[in-house]
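Before any comments, here is the structure.
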Amino acid sequence: MKRGARLAIGLLLAIGFVGALFSLRGGTAVPADLSSSTSCRACHADVWDEWASSWHAQSFTDPLVLAKEQSDNFRKQECIPCHAPAPVFESGLGKERVIERFSERELGVDCLSCHRNYGTIVGPGTPSSGAANAPCAPIADARLASPALCAPCHNQHLTVDEWEASSYPKAGVTCLDCHMQPVERTNGDGTTRRGRSHRFPGGHDLETLHKAFTLRTEIQEGANGGKVLVVLLTNSGAGHNFPADARHRALDLVVTLQQHDGIELPPRDGGRGYGRERGTARRRFRNPYREETERLTNKEQFGRENTQLIAGETVAFEVPFDPAAVARARIELIYKLTPIQLDDEGARIHDAAIELR
Ligand code: HEC
Ligand code: HEC
Ligand code: HEC
Ligand code: HEC
Ligand code: HEC
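The structure is reproduced here in structure tokens:
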């Protein structure tokens with residue numbers, strides 16, 4: 001950013017702080033310190049604890065991000081903006097670019113990243129009754145609860161575009177419905193109100209991963225007296241592509257056929273490459289990064305470069321077998337945080353054996 005623009009923002013900030021001081025009504029406690037998220041902790045301990053357990057709180061200290069081949073301890077400056085962001089209400093909502101923060105970067109995506117708008121705190125579109133007299137003087141703004149808040153950081157990985165293209169917006173189902181579950185909060189006077197969890201569960205959370213899909217199997221007649229095991233995998237619960245994220249994640253559907261004597265059939269394509277330790281047949285769901293050769297292979301094999309499951313989509317994976325030789329099949333769905341993880345390092349979110357009669 002140009003020095004002039006930075007100065008202008010600084011000036012606006014200063015005006016904002018003064019504004020916040022004057023907006024306090026008589027009798028309220030000390031104003032919240034809008035220069036650091038740590039000031040929110042004293043009064044919002046429950047929200048703080050949820051946030052502290054979230055990946056938003058780890059975004060600047062996450063070992064996966066710090067790795068040499070990733071941000072190299074953030075020596076790659078272009079990685080800083082979303083992982084230690086200045087408030088998005090200030091840099092622009094929707095598909096605007098995020099600006100890096102220069103203080104307390106270790107707090108990652110912190111309270112102020114989402115709640116500060118220069119000199120004020122942004123609150124929910126439907127504020128609680130207590131909010132009117134709150135020391136932090138939140139100003140209600142419906143944009144806080146909208147996907148436009150998530151977009152500056154999450155649309156680089158295309159998640160918001162994918163949601164927009166799905167049937168969820170029409171049904172009124174937004175990011176918050178699946179990623180910010182309702183929780184009960186206790187006010188100072190002992191009464192309760194409805195809040196929203198700040199844990200933001202996603203790909204690191206088994207329960208959330210289990211909600212993303214349904215899997216069915218069918219056995220059909222094949223060629224020359226053979227049969228075909230058809231595994232039908234549906235993205236039935238993610239409001240965007242599954243696995244979400246245009247860069248890191250991979251999902252492997254692995255089918256292992258077993259003979260009557262228990263011996264497993266080797267891979268159909270002969271190879272046991274790195275990260276493919278198991279299975280007779282495998283299909284990978286993933287959006288390969290930029291110029292990776294996997295894009296071309298996908299295009300040849302499946303007619304599309306990106307094999308992520310689109311919201312609502314069902315893919316049929318067909319594994320032909322000889323019923324005289326094969327007795328059963330093991331079907332595994334392995335979710336990998338990075339495409340280079342080994343089968344045993346991933347999360348096995350489905351694992352079942354079926355008899356092939
Ligand atoms: C200012 C940037 C920013 C904003 C705004 C933001 N996020 Fe994030 N979010 C991140 C970053 C960076 C991570 C990755 C942290 C890590 O794992 O290192 C993340 C992680 C997540 C994860 C967890 C993924 C996992 O690995 O389990 C979910 C879910 C999520 N965000 C949802 C949302 C939703 C929904 C919104 C909007 C309400 C939102 N985020 C707003 C930057 C942001
Ligand atoms: C435009 C915003 C943005 C920028 C710039 C950005 N990231 Fe991220 N990063 C995110 C978001 C959002 C997530 C979580 C999203 C998800 O998993 O879909 C994330 C997640 C990650 C993760 C996965 C973390 C985990 O625990 O699984 C890694 C690794 C990562 N980023 C590395 C980088 C590197 C390296 C750079 C610089 C080359 C970078 N990021 C730049 C937004 C960004
Ligand atoms: C001195 C105590 C105090 C501090 C410090 C404080 N808040 Fe608050 N905040 C409150 C109280 C009290 C409410 C009213 C909530 C209620 O209804 O009980 C509130 C309300 C809110 C709301 C709106 C809740 C709603 O349902 O409308 C948001 C958002 C919020 N605070 C964010 C923050 C952030 C972010 C910080 C740190 C910059 C912060 N607060 C610092 C006491 C505080
Ligand atoms: C990734 C963005 C994001 C971060 C980070 C974040 N919030 Fe929020 N917060 C939201 C959204 C979105 C809502 C509005 C939910 C709604 O409209 O129902 C919200 C609602 C709230 C509320 C009112 C509802 C409730 O659950 O009580 C409070 C208070 C609050 N946030 C405080 C904080 C504090 C304190 C922090 C830091 C520890 C924080 N938030 C970090 C996005 C965020
Ligand atoms: C109908 C429920 C639903 C909606 C709506 C939804 N998500 Fe998700 N989201 C999921 C499920 C389930 C997962 C876990 C499976 C996956 O990673 O795709 C997930 C995963 C994620 C992740 C984690 C990716 C990772 O790599 O760890 C991010 C980030 C995310 N969603 C952001 C968003 C954003 C931003 C929106 C709104 C534009 C949104 N989600 C809307 C259900 C939903």
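Each residue of the sequence shown is one higher than the one before, counting from 1 in our numbering. Don't be surprised by glycine CBs; every beta carbon is placed ideally from N, CA and C.
Nearest candidate by alpha-carbon position, reference residue i, set the options
| i | options | result |
| --- | --- | --- |
| ARG272 | HIS248, PRO87 and ASP343 | ASP343 |
| GLY235 | GLY312, LEU206, ARG276 and TYR289 | Correcting the residue identity first, residue 235 is Asn in this sequence and not Gly. The shortest Cα separation from ASN235 among GLY312, LEU206, ARG276 and TYR289 belongs to GLY312. |
| TYR289 | ALA32, LYS227, GLN70 and ARG328 | GLN70 |
| TRP51 | HIS83, CYS111 and ALA151 | CYS111 |
| GLU277 | GLU264, PHE285, ALA134 and ARG286 | GLU264 |
| THR186 | ARG357, CYS150 and VAL47 | VAL47 |
| VAL326 | HIS248, GLU291 and LYS227 | LYS227 |
| TYR168 | GLY237, GLY346 and GLN258 | GLY237 |
| VAL230 | VAL65, VAL173 and ALA329 | ALA329 |
| CYS178 | ARG304, GLN259 and PRO147 | PRO147 |
| GLN181 | HIS198, THR192, PRO135 and ALA171 | HIS198 |
| ARG304 | PHE285, PRO320 and ASP322 | PHE285 |
| ALA352 | PRO267, VAL254 and GLN301 | VAL254 |
| GLU207 | ALA347, ARG357 and GLY190 | ALA347 |
| SER53 | GLN77, ILE340 and GLY108 | GLY108 |
| ASP269 | VAL319, ILE310 and GLY190 | VAL319 |
| GLN259 | GLN301, ASN306 and ALA324 | ALA324 |
| PHE321 | PHE302, ILE219 and ASN287 | ILE219 |
| THR214 | ASP72, THR297, GLY119 and LEU333 | LEU333 |
| GLN156 | ARG194, ILE331 and HIS83 | HIS83 |
| THR174 | ARG194, GLY188, LEU149 and GLY195 | LEU149 |
| THR217 | GLU345, ILE331 and LEU64 | ILE331 |
| ARG194 | GLY130, ARG295 and ASN224 | GLY130 |
| ALA45 | GLY225, GLY188 and ARG295 | GLY188 |
| GLN77 | ILE99, SER91, GLY172 and PRO63 | ILE99 |
| CYS43 | ALA134, ASP72 and LYS170 | ALA134 |
| ILE310 | GLN341, VAL160, GLY225 and ALA67 | VAL160 |
Proximity of residue i and residue j at Cβ, strictly below 7 Å
| i | j | result |
| --- | --- | --- |
| ILE354 | TYR335 | no |
| LEU158 | ALA212 | no |
| THR256 | THR280 | yes |
| PRO138 | GLY125 | no |
| THR338 | HIS204 | no |
| ALA86 | ARG101 | yes |
| ARG41 | LEU93 | no |
| LEU176 | ARG116 | no |
| GLU162 | HIS240 | yes |
| PRO127 | ALA140 | yes |
| LYS95 | ALA165 | no |
| GLU184 | THR191 | no |
| ILE80 | PHE74 | yes |
Bounding residues of the beta strand (DSSP E) (the contiguous stretch that carries residue i)
| i | result |
| --- | --- |
| ASP252 | 250-259 |
| ASN235 | 227-235 |
| HIS350 | 347-355 |
| VAL122 | 120-123 |
| PRO182 | 182-186 |
| THR192 | 192-196 |
Anticipated Cβ contact below 8 Å, residue i with residue j, distance rounded
| i | j | result |
| --- | --- | --- |
| GLU106 | THR61 | 6 Å |
| ARG358 | ASP261 | Examination of residue 358 is not possible in this model, given that the chain is present from 1 through 357 alone. |
| PRO201 | GLN308 | Not a contact, Cβ separation roughly 19 Å. |
| GLU104 | SER59 | Contact doesn't hold; Cβ gap of about 13 Å is too wide. |
| LEU233 | PHE317 | 7 Å |
| ALA32 | CYS136 | 4 Å |
Continuous alpha helix (DSSP H) stretch holding residue i: start and end
| i | result |
| --- | --- |
| THR208 | 206-211 |
| SER113 | 111-115 |
CB contact below 7 Å: residue i versus chain B
| i | result |
| --- | --- |
| ALA32 | The question asks about chain B, but that chain is absent: this structure has only one protein chain. |
In chain order, each alpha helix (DSSP H) run of at least 4 residues that lies wholly inside the stretch 38-89: 45-52, 63-66 and 80-83
Ordered list of alpha helix (DSSP H) runs contained in the stretch 153-180, each at least 4 residues: 159-165 and 175-179
Please give me, in chain order, every unbroken run of the alpha helix (DSSP H) with length at least 4 that falls completely inside the stretch 256-330. 294-302
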